[in-house]
């Protein structure tokens, strides 16, 4: 799993975190943006979140567009994320939890492409 922490845009509150990467076990790019709460007992305020299901985000541009309003997207990050995927590969199919996670995720697939990829992994 790769993880790249980006610099929040100017004017963002202290404690904002913006992270993107490739999650090989889910075979998905991911993006998450959150603000840490002022009260340490409170939950973080999640502003954007994608890629937490098998094959959820197959296009790198999707995560870059998602975090664009929140962070500086460095030149070369797109290529780095594609390299992360090429290096780490897709490791959803054949894992011990593939059947359980796949069957739970399938009814919630957001696109026909995601559903087809999950079905293929379950074969």
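In this note's numbering, the protein residues as written are 227 to 349. Beta carbons are placed, not taken as given, at the ideal position from N, Cα and C, and that holds for glycine.
8 Å contact criterion, which residue i and residue j should meet: CB distance rounded
i, j, result
"residue 257", "residue 293", "5 Å"
"residue 246", "residue 307", "7 Å"
"residue 314", "residue 229", "Contact doesn't hold; Cβ gap of about 11 Å is too wide."
"residue 274", "residue 340", "The Cβ separation is near 18 Å, so there is no contact."
Cβ neighbour criterion (16 or more within 10 Å) applied to residue i
i, result
"residue 264", "exposed"
"residue 252", "buried"
"residue 242", "buried"
"residue 271", "exposed"
"residue 331", "buried"
Opening and closing residue of the alpha helix (DSSP H) in which residue i lies
i, result
"residue 271", "Looking at the DSSP string, residue 271 is not in any alpha helix (DSSP H); the run it does join, the beta strand (DSSP E), is 271 to 276."
"residue 240", "From DSSP, residue 240 is part of no alpha helix (DSSP H); its letter is neither H nor E."
"residue 282", "That residue, residue 282, is in no alpha helix (DSSP H); it is neither H nor E in DSSP."
Proximity below 9 Å, CB of residue i to CB of residue j
i, j, result
"residue 255", "residue 289", "yes"
"residue 276", "residue 233", "no"
"residue 280", "residue 328", "yes"
"residue 295", "residue 235", "yes"
"residue 324", "residue 346", "no"
"residue 250", "residue 291", "no"
Inter-residue spacing [alpha-carbon to alpha-carbon] between residue i and residue j
i, j, result
"residue 284", "residue 267", "35 Å"
"residue 304", "residue 310", "10 Å"
"residue 203", "residue 278", "Lying before the first or after the last residue shown, residue 203 is absent from the chain, which here runs from 227 to 349."
"residue 239", "residue 261", "7 Å"
"residue 349", "residue 259", "34 Å"
Start and end residues, beta strand (DSSP E) containing residue i
i, result
"residue 233", "230 to 234"
"residue 343", "Not the beta strand (DSSP E): residue 343 falls in the alpha helix (DSSP H), residues 338 to 348."
"residue 331", "Not the beta strand (DSSP E): residue 331 falls in the alpha helix (DSSP H), residues 324 to 331."
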